[in-house]
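Quick note on numbering: the UniProt record's numbering labels position 227 of the sequence shown as 227, and the sequence is numbered without any gaps. Glycine included, C-beta positions come from ideal geometry on N, C-alpha and C. From a predicted model like this one, the values you see are computed outputs, not experimental measurements. Heads up: the structure comes next, in structure tokens.
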Amino acid sequence: MSLPSLRLKANADRRLRAGHLWIYSNEIDVAATPLQGLAAGQQAILESASGKPLGVVAVSPNNLICARLLSRDAKLMLDKSLLVHRLNVALSLRERLFDKPCYRLVYGDSDLLPGLVVDRFFDILVVQLASATMEQHKDEVIAALVQVLKPSGILFKNDSAARDAEGLGRYVETVYGEVPDWVALEENGVKFEAPVREGQKTGWFYDHRMNRARLAPYVAGKRVLDLFSYIGGWGVQAGAFGASEVFCVDASGFALDGVERNAALNGISEKLTCIEGDVFEALKELKAAEERFDVVIADPPAFIKRKKDLKNGEGAYRRLNEQAMRLLNKDGILVSASCSMHLPEDDLNGILLTSARHLDRNLQLLERGGQGPDHPVHPAIPETRYIKSITCRLLPNS
1 MSLPSLRLKA NADRRLRAGH LWIYSNEIDV AATPLQGLAA GQQAILESAS
51 GKPLGVVAVS PNNLICARLL SRDAKLMLDK SLLVHRLNVA LSLRERLFDK
101 PCYRLVYGDS DLLPGLVVDR FFDILVVQLA SATMEQHKDE VIAALVQVLK
151 PSGILFKNDS AARDAEGLGR YVETVYGEVP DWVALEENGV KFEAPVREGQ
201 KTGWFYDHRM NRARLAPYVA GKRVLDLFSY IGGWGVQAGA FGASEVFCVD
251 ASGFALDGVE RNAALNGISE KLTCIEGDVF EALKELKAAE ERFDVVIADP
301 PAFIKRKKDL KNGEGAYRRL NEQAMRLLNK DGILVSASCS MHLPEDDLNG
351 ILLTSARHLD RNLQLLERGG QGPDHPVHPA IPETRYIKSI TCRLLPNS
């Protein structure tokens, strides 16, 4: 099949040659190759200003990022064969890293499959298609996944806002085999079940796996508070790692049902207490009740989804961390996390220091963590790095 051309302006290929995968609409020579002549989801041959082929791109003509590189070989377009190859490359990394088939198998651009996310739960796959190109090739995606992984079920969890910018509708659908409402997984030796249909994103957040593993030496025999607990990724693991008590706080009763379900799976139900309600209000109530904890985990949803949210979002992180610190014992541990791509790690450090000094406490930064290696960072695309996790110790000022 011959593909249409998409030509860049003079010198607009520098970023691409340096390793980036995205093309912006203002970089296109629209006189030579009008963007509006292409349809969303179409593939095209990307050309330099001189007409030299640079590879194959997936086109989104109505977006600022109007194209994403699929291959630097102009002969390799997205089809089942390329999908199988890229899936095998992605799988070889994950199988090297993890002893159980529970991980993010495909992480979009970083695995050279822009617009595709696949999370693996043993023999169940949960897939997100975020681009018109991947949506148009969903049958090939299914066929490639079946060939490479032989799953018992595949769920398309296509209900994210990312699809809106591509003009795609939202839906959740079992597209292969059978997928139960709750699926099993194992992380750091702890058993869970995730609500893949009704839960957040794909039902689980594998990105903090390594950071949660680091909890073990801090929580043994300690009283732990897990804020924005969702279904217990942090809190249940804290209990499994030997915490004496764990309090999980979330606004969702459905999520807290998941906490109780997962606590029971690991035989630690007696250790866990669930608190349903707004986290900030719960923090105030715990402070008023003079509750104190040895470890507090603050892993909120993204407070900064866009750059224009930066100021308000930083204020929210400050309020959260300061209120969390108020509940810590005099030699307490705070695990402060952020999934806001627009919040640099140094800024989170600054928020923690400012909060500690406002409370007249000394702060020690003990460990820093990012997303696990099943969420590899593309070195030319800083947007692929979003997870920050800082473990710190709060001491009296004396």
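Beta-bridge partners of residue i, as assigned by DSSP
i	result
G369	S389
D119	R104, V126
residue 411	Outside the shown range of the chain (1 to 398) lies residue 411, about which nothing can therefore be said.
Q364	R393
Y24	I65
A273	The question names Ala, yet the displayed sequence has Thr at residue 273. DSSP lists F247 as partners of T273.
L59	Per the sequence presented here, residue 59 reads as Val, with Leu not at that position. Bridge partners of V59: A67.
Y176	I154
L225	F247, V296
Contact under 7 Å by Cβ, residue i with residue j
i	j	result
L310	A324	no
I390	Q371	no
D294	K201	no
A194	V179	no
R385	I351	no
L215	F241	yes
V246	L272	yes
R393	L366	yes
V190	N266	yes
P61	L35	yes
G41	T133	yes
K308	H342	no
G108	V118	no
S336	N349	no
S152	G115	no
Nearest to residue i (by Cα), restricted to the options the options
i	options	result
H85	E27, Y206, G169, A144	A144
D360	S229, I351, D374, S398	S398
N11	S48, I23, I231	S48
H20	G232, E245, S110	S110
K150	I124, V106, F254	I124
L168	F122, W22, K271, K138	K138
A251	G108, Q36, G239, S229	S229
Q364	L395, M341, P382, E345	L395
P4	N26, S340, T33	T33
V224	P382, M134, L46, A298	A298
N26	I65, I142, R15, L38	I65
N329	R14, G233, E140, R292	R292
S340	L38, L46, A356, N312	N312
I231	S50, A282, A263, N211	A263
V204	A220, G233, A213	Reading the sequence as shown, one finds Trp at residue 204 and not Val. The candidate whose alpha carbon is nearest that of W204 is G233.
E314	F98, D13, D347	D347
D99	S81, L185, L82, A356	L185
G199	W22, V259, H378	V259
A220	A238, M210, A213, R17	A238
P301	E290, V279, L283	V279
G332	H358, Y218, S50, G51	Y218
S269	A282, K284, S244	S244
A74	G51, A380, E345	G51
K305	S81, Q128, A161, A31	A161
L83	R94, E95, L113	L113
Other residues of its chain near residue i: CB distance less than 6 Å, five sequence neighbours each side excluded
i	result
D29	R7, K9
R72	G55
G253	E276
L155	V126, T174, V179, V196
G235	D226, S229, V246, C248
L46	L6, L54, G55, V57
L97	P373
A255	Y230, I231
S338	L348, K388
Whole-angstrom C-beta distance between residue j and residue i, which should lie under 8 Å
i	j	result
L69	V57	5 Å
S131	E166	6 Å
E187	C102	6 Å
E140	D79	6 Å
A316	F303	4 Å
E345	R368	7 Å
A18	A380	6 Å
8 Å CB neighbourhood of residue i in its chain, flanking five on each side removed
i	result
K287	Q323, R326, L327
M77	M1, L3, Q43, V56, L70, S71
Y24	L64, I65, C66
L91	L105, V148, L149
L362	The question names Leu, but residue 362 is Asn in the sequence shown. These residues qualify, in order along the chain: A356, L394, L395, P396, N397.
D181	P195, V196, R197, E198
K284	Q323
Chain-order list of residues whose beta-carbon lies under 7 Å from that of residue i (same chain, five-residue window excluded)
i	result
R170	N158, D159, R163
R120	P101, C102, Y103, L105
Y206	Y103, R104, D119, G372, D374
I142	I154, V175, Y176
Q128	V117, K157, N158, S160, T202
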